[in-house]
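As structure tokens, the structure follows; a few thoughts come after it.
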Amino acid sequence: MRLKGKIAVITGAGQGIGRGVAEIFAEEGADVVVSDLKLDSRTDEVVSTITKLGRRAIAVQADVSKRADLDRLFDTASEKLGPVNILVNNAGIETIVPFTELTDQQWEDVTNVNLKGEWMAAQIFCKRLIAEGRPGCIINIGSIQAGKVLPGRTHYAPSKLAIEALTRNASAEMGAHGIRINCIHPGLIETPMTDWVLKSPDILPQVIAQISLGRPGKPFEVGRAAAFLASDDAGYITGQAIYVDGGWVGK
Ligand code: NAP
Numbered sequence: 047m048r049l050k051g052k053i054a055v056i057t058g059a060g061q062g063i064g065r066g067v068a069e070i071f072a073e074e075g076a077d078v079v080v081s082d083l084k085l086d087s088r089t090d091e092v093v094s095t096i097t098k099l100g101r102r103a104i105a106v107q108a109d110v111s112k113r114a115d116l117d118r119l120f121d122t123a124s125e126k127l128g129p130v131n132i133l134v135n136n137a138g139i140e141t142i143v144p145f146t147e148l149t150d151q152q153w154e155d156v157t158n159v160n161l162k163g164e165w166m167a168a169q170i171f172c173k174r175l176i177a178e179g180r181p182g183c184i185i186n187i188g189s190i191q192a193g194k195v196l197p198g199r200t201h202y203a204p205s206k207l208a209i210e211a212l213t214r215n216a217s218a219e220m221g222a223h224g225i226r227i228n229c230i231h232p233g234l235i236e237t238p239m240t241d242w243v244l245k246s247p248d249i250l251p252q253v254i255a256q257i258s259l260g261r262p263g264k265p266f267e268v269g270r271a272a273a274f275l276a277s278d279d280a281g282y283i284t285g286q287a288i289y290v291d292g293g294w295v296g297k
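As structure tokens, then:
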């Protein structure tokens with residue numbers, strides 16, 4: 047168990063990749079704060095799965111685009127579970143809009159969650175770690191679209207490519223404090239976000255043909271990569287971005 051005794055905060059953990067990461071982290075021995083925009087039966091299920099694995103888990107509502115929510119998230123996490131060691135910045139949204147039709151509001155909605163949210167959560171966590179004199183680890187979830195053009199994503203793709211720069215620059219400043227920061231760019235992963243692709247008889251075969259391993263990925267496969275990056279096995283890795291995409295970006 048590579049994360050035994052660690053406490054992790056995971057945003058957007060009620061479903062999809064966040065849920066996959068949460069469950070793998072628990073299997074690896076971590077206690078988990080399951081955070082999401084809404085608390086409902088999905089977050090209840092994730093908490094219950096983790097508890098059954100013998101780990102502690104709580105669900106905490108937080109909109110990652112709101113600093114006050116993120117402050118409350120970290121306050122609650124440390125009050126209820128103890129000092130947080132790992133943050134997985136996973137919450138994100140995707141919309142598909144042609145470039146010339148994109149509105150200011152659509153740009154802001156995506157950027158505020160995908161980029162500003164990850165920046166604010168990372169900053170809040172790092173300030174707390176530094177004040178407490180503790181090391182820590184952050185995994186930022188980007189996207190295949192940091193390296194590959196998909197139509198209608200002139201707002202989403204920049205928000206995800208910027209995660210790589212955020213990771214690199216923040217890791218350079220935080221290394222001296224023993225805080226490692228890395229990024230995972232998932233490819234096509236089976237989640238509610240990609241359900242429409244997975245169910246499309248036209249689009250799915252076109253995408254699969256571009257993936258070296260010839261299949262979509264599962265949330266737990268992103269979870270395993272995240273568990274490695276969060277573990278001491280990755281103790282000398284920081285500022286990096288890794289594609290967990292079955293070989294899509296380079297094909
Ligand atoms: P998903 O199935 O849509 O799950 C995302 C979760 O984040 C949902 O529970 C959602 O809540 C929550 N969320 C949305 N806005 C939020 C906010 N403002 N604050 C807190 N939580 C919020 O997506 P996913 O496929 O698991 O994606 C997870 C991450 O991986 C995202 O950053 C996404 O961009 C990235 N990614 C996914 C893929 C893929 O193939 N699936 C590929 C590349 C990158 P609601 O359901 O209530 O909105």
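Residues 47 to 297, numbered by the numbering used here, are exactly what the sequence shown covers, in order.
We put the CB at the ideal spot given by N, CA and C, even for glycine.
For residue i, which residues from the same chain have a beta carbon less than 7 Å from its beta carbon, with the 5 sequence-adjacent residues on both sides left out?
i	result
residue 164	135, 186, 209 and 212
residue 158	111
residue 189	206, 231 and 232
residue 273	48, 49, 70, 71 and 74
residue 68	56, 59, 78, 80, 92 and 96
residue 99	72 and 73
Can you give the Cα-Cα distance for residue i and residue j, rounded to whole angstroms?
i	j	result
residue 152	residue 201	8 Å
residue 216	residue 171	12 Å
residue 297	residue 127	43 Å
residue 271	residue 182	17 Å
residue 252	residue 52	41 Å
residue 230	residue 138	13 Å
residue 315	residue 150	Shown here, the chain extends from 47 to 297; a query on residue 315 therefore has no answer.
residue 237	residue 161	20 Å
residue 224	residue 174	13 Å
residue 235	residue 228	19 Å
residue 287	residue 125	32 Å
residue 291	residue 94	29 Å
residue 133	residue 148	32 Å
residue 62	residue 268	10 Å
Check each candidate in the options and name the one with the smallest Cα separation from residue i.
i	options	result
residue 199	244, 215, 146 and 218	146
residue 131	221, 92, 71 and 54	54
residue 259	149, 269, 67 and 233	233
residue 219	74, 168, 264 and 246	168
residue 142	184, 121, 90 and 203	203
residue 222	246, 62, 263 and 176	176
residue 123	93, 156, 90 and 79	79
residue 240	227, 264 and 77	264
residue 178	148, 98, 129 and 246	129
residue 245	256, 257 and 262	262
residue 196	256, 247 and 180	256
residue 289	254, 191 and 227	191
residue 254	268, 269 and 293	293
By Cβ distance below 6 Å, which residues in the same chain neighbour residue i in space, the five residues on each side in sequence not counted?
i	result
residue 193	295
residue 249	243
residue 166	113 and 116
residue 266	66 and 70
residue 119	81, 106 and 108
residue 214	285
residue 77	53, 101, 102 and 127
Helix or strand or just coil, what does DSSP make of residue i?
i	result
residue 251	helix
residue 238	helix
residue 211	helix
residue 113	helix
residue 276	helix
residue 169	helix
residue 231	strand
residue 263	strand
residue 244	helix
Beta carbon of residue i: closer than 7 Å to some heavy atom of ligand 2?
i	result
residue 141	Questions concerning ligand 2 fall outside what the structure shown contains, since the ligands it does hold are ligand 1.
I'd like to know if residue i contacts chain B, where contact means its C-beta is closer than 8 Å to some C-beta of that chain.
i	result
residue 104	Within the model displayed, chain B is absent; a lone protein chain is all it includes.
Meets three-Cβ-pair contact criterion under 8 Å: the region 80-91 and the region 269-285: No, because fewer than three Cβ pairs between the region 80-91 and the region 269-285 fall closer than 8 Å, the two stretches do not touch.
Should the region 264-279 be regarded as contacting the region 99-111, the criterion being three or more beta carbon pairs within less than 8 Å? Touching, no.
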